[in-house]
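**Q** In our numbering, the protein residues as written are 1109 to 1468.
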Ligand SMILES: *Cc1c(COP(=O)(O)O)cnc(C)c1O
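1) Tell me whether residue 1299 counts as near ligand 1, meaning its Cβ is closer than 8 Å to at least one heavy atom of that ligand.
2) Going by DSSP, name the residue or residues bridged to residue 1218.
3) Using CA atoms only, rank isn't needed, just tell me which of 1386, 1413, 1156 is closest to residue 1440.
4) Near residue 1323, what residues of its chain come up, given a Cβ to Cβ distance below 6 Å and the 5 sequence neighbours on each side ignored?
5) If distances are taken between C-alpha atoms only, which option among 1238, 1116, 1262 comes closest to residue 1171?
6) Can you tell me which of 1393, 1420, 1435 puts its alpha carbon nearest to the alpha carbon of residue 1428?
7) In chain order, which continuous runs of the beta strand (DSSP E) of length 3 or greater are located wholly inside the region 1154-1194?
8) Residue range of the alpha helix (DSSP H) that residue 1256 falls in?
9) Consider the C-beta atom of residue 1169 and the heavy atoms of ligand 1; say whether any pair is separated by less than 8 Å.
10) Mapping DSSP to helix, strand and coil, what is residue 1068?
11) In angstroms with no decimal places, state the Cα-to-Cα distance between residue 1370 and residue 1459.
12) Can residue 1446 be considered in contact with ligand 1, in the sense that its beta carbon sits closer than 8 Å to one or more heavy atoms?
13) Anyone know if the C-beta pair for residue 1240 and residue 1387 falls short of 9 Å?
14) Looking at ligand 1, does it come within less than 8 Å of residue 1285, judged from the CB to the closest heavy atom?
15) With a 10 Å radius around its C-beta and 16 neighbouring C-beta atoms as the bar for buried, classify residue 1211 as buried or exposed.
16) I need the DSSP call for residue 1199, collapsed to helix, strand or coil.
17) Quick one: measure Cβ to Cβ for residue 1115 and residue 1449, integer angstroms, because I've assumed they're closer than 8 Å.
18) Here's the rule I'm using: 16 or more other beta-carbon atoms within 10 Å means buried, otherwise exposed. How should residue 1444 be labelled?
19) Go through its chain and collect everything with a Cβ distance to residue 1264's Cβ below 7 Å, but skip five positions before and after it.
20) What number of angstroms, rounded off, separates the C-alpha of residue 1161 from the C-alpha of residue 1221?
21) Establish whether the CB of residue 1297 and some CB of chain C are separated by less than 9 Å.
22) Verify the contact flag: residue 1313, CB atom, against every heavy atom of ligand 1, threshold strictly below 8 Å.
23) Hey, out of 1365, 1339, 1372, whose CA is closest to residue 1381's CA?
24) Any heavy atom of ligand 1 closer than 8 Å to the Cβ of residue 1193?
25) Does the region 1182-1190 touch the region 1213-1229, meaning 3 or more C-beta pairs lie closer than 8 Å?
26) Over the uninterrupted beta strand (DSSP E) stretch that includes residue 1225, give me the two end residues.
27) May I ask whether a heavy atom of ligand 1 can be found less than 8 Å away from the beta carbon of residue 1266?
28) Would you grab the beta carbon distance between residue 1341 and residue 1311 for me? Rounded to a whole angstrom, and I think it's under 8 Å.
29) Heavy atom of ligand 1 less than 8 Å from the Cβ of residue 1292, yes or no?
30) Note down, one range per segment and in chain order, each beta strand (DSSP E) of at least 3 residues found wholly within the region 1359-1424.
31) Look at the alpha carbon of residue 1346 and the alpha carbon of residue 1308, and state the distance between them as a whole number of angstroms.
32) Can you tell me which of the three DSSP states residue 1283 falls into?
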């Protein structure tokens, strides 16, 4: 038995006829840049999330970068975020501001009790990162942001469809940033992303910003970047969006089984919640290296996605922080296969194989 981490070829097979037709149509029309499929995607996504505006861009990282650019941050302005995923930090540094890291909890999300002590007179923004398809505690974060007059930009790259108290992630803050990278629950055929907002003015500015200073094809209205969601990607997304709910439900079922049947082992499992979308299923083991090697021998494709806290990446030249849970997770975290095409046999095999390992 061999269990792969992703199932993108199978997802293609599930919708092959429609996807092939979309490819042929877009090629035959020659409609590649900001054409009708992008408009349709933005409309569908805004109704899916229950938000007024969606702006398609070329990646999740750019979604955060462009969002921060709208806020005209100064070099000493501080942005509070977490340190497991480097992307928000890259966007903060590119936008010319200073990242300030707060620790997380064992559910991989921002520890909201640590936010206030990280706030200084220079703090402007909080970027909660909804990791592994699990929502951060948005009520607390919004409350703190209001108290200190801070903007909230949600990094929802891994959390499309995840909810907090009945509301979808990416719709709490001023702006929500999503990725359509192949490792995410909704993906195009390469890089892509989008921004969600209820703010008319920001939506208009983002459309100019993503399109080298133009809102429509010709008139220049301001400064800009080349960061558009390609029309072919949008055409693919409009088809893949139909299966999103079913795929997310399948992930929840697998997570439920993992939680139930791995719970007695000396591992730390992610908490189970029906509101989570399990973009990844990440377990923590004191013997990470040995377990990874063992899973490889047993042909269960697994990853160590979080290896270094962002502030320890030498090239970024950031000041040091001491965040014990972040560092512990980097020492222990292993992402095991969770994808909507997994068969009952594959799920059983993963559970049995891990359960049979001594010294977890
Ligand atoms: C994937 C990811 C991003 C960046 O998305 P890209 O589309 O790859 O640029 C940002 N934040 C988090 C938490 C991610 O997982």
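For glycine and all other residues, C-beta sits at the position ideal for the given N, C-alpha and C.
**A** Quick look at the numbers:
1) Taking the chain shown and counting its residues from 1, one reaches residue 1299 at position 191. Flag set: Cβ of residue 1299 near ligand 1.
2) Within the chain shown, numbered from 1, the residue matching residue 1218 stands at position 110. DSSP output for residue 1218 lists 1212 as bridge partner(s).
3) Against the chain shown, residue 1440 aligns to sequence position 332. Minimum Cα distance to residue 1440 is reached at 1413.
4) Counting from 1 along the chain shown, the entry for residue 1323 is found at position 215. Hits under 6 Å: 1315, 1316, 1329.
5) Within the chain shown, the letter at position 63 stands for residue 1171. Cα-wise, what sits closest to residue 1171 is 1262.
6) In the chain shown, residue 1428 corresponds to position 320, counting from 1. Across the set 1393, 1420, 1435, the C-alpha of 1420 shows the shortest separation from the C-alpha of residue 1428.
7) 1161-1165, 1186-1189
8) Numbered from its first residue, the chain shown carries residue 1256 at position 148. Its alpha helix (DSSP H) spans residues 1246-1256.
9) By 1-based counting over the chain shown, the position of residue 1169 is 61. Residue 1169: yes, Cβ under 8 Å from ligand 1.
10) With the chain covering only 1109 through 1468, there is no way to say anything about residue 1068.
11) Taking the first residue of the chain shown as position 1, residue 1370 is located at position 262. Taking the first residue of the chain shown as position 1, residue 1459 is located at position 351. Rounded to whole angstroms, residue 1370 to residue 1459 spans 7 Å at the Cα level.
12) To locate residue 1446, count along the chain shown from 1; it is residue 338. No, ligand 1 has no heavy atom inside 8 Å of this Cβ.
13) Looking up residue 1240 in the chain shown gives position 132. Looking up residue 1387 in the chain shown gives position 279. Contact: yes.
14) Along the chain shown, one-based indexing puts residue 1285 at 177. Yes, Cβ of residue 1285 sits closer than 8 Å to a heavy atom of ligand 1.
15) Position 103 of the chain shown, counted from the start, is the residue given in the question as residue 1211. By the 16-neighbour rule on beta-carbons within 10 angstroms, residue 1211 is buried.
16) Numbered from 1 along the chain shown, position 91 holds the residue referred to as residue 1199. Reduced to three states, the DSSP call for residue 1199 is helix.
17) Counted from its first residue, the chain shown places residue 1115 at position 7. Counted from its first residue, the chain shown places residue 1449 at position 341. Cβ atoms of residue 1115 and residue 1449 come within 8 Å of each other, at about 4 Å.
18) Taking the chain shown and counting its residues from 1, the one referred to as residue 1444 is at position 336. Its Cβ being crowded by 16 or more others within 10 Å, residue 1444 is buried.
19) Residue numbering aside, residue 1264 sits at position 156 when the chain shown is read from its first letter. The residues are 1238, 1277, 1278, 1284, 1285, 1286.
20) Taking the chain shown and counting its residues from 1, one reaches residue 1161 at position 53. Taking the chain shown and counting its residues from 1, one reaches residue 1221 at position 113. Whole-angstrom Cα-Cα distance: 31 Å.
21) Among the protein chains of the structure shown there is no chain C, as only one such chain exists.
22) Taking the first residue of the chain shown as 1, we reach residue 1313 at position 205. Residue 1313 Cβ: outside cutoff for every heavy atom of ligand 1.
23) For the purposes of this step, residue 1381 is identified with residue 273 of the chain shown, where counting begins at 1. Nearest of 1365, 1339, 1372 to residue 1381, Cα basis: 1365.
24) Counted from its first residue, the chain shown places residue 1193 at position 85. Taken from the Cβ of residue 1193, at least one heavy atom of ligand 1 lies inside 8 Å.
25) yes
26) Along the chain shown, read from residue 1 onward, the residue named residue 1225 stands at position 117. Counting along the chain, residue 1225 falls outside any beta strand (DSSP E), though it belongs to the alpha helix (DSSP H) covering 1223-1226.
27) The sequence position of residue 1266 within the chain shown is 158, counting from 1. Yes; taking the cut-off as 8 Å, the Cβ of residue 1266 has a heavy atom of ligand 1 nearer than that.
28) Residue numbering aside, residue 1341 sits at position 233 when the chain shown is read from its first letter. Residue numbering aside, residue 1311 sits at position 203 when the chain shown is read from its first letter. Not quite, the Cβ-Cβ distance comes to about 20 Å (not below 8 Å), so this is no contact.
29) Locating residue 1292 in the chain shown gives position 184, counting from the first residue. Yes, the Cβ of residue 1292 comes within 8 Å of a heavy atom of ligand 1.
30) 1389-1392
31) For this step, residue 1346 is matched to residue 238 along the chain shown. For this step, residue 1308 is matched to residue 200 along the chain shown. Computed Cα separation, rounded: 24 Å.
32) Position 175 of the chain shown holds residue 1283. If DSSP states are grouped into helix, strand and coil, residue 1283 belongs with the strands.
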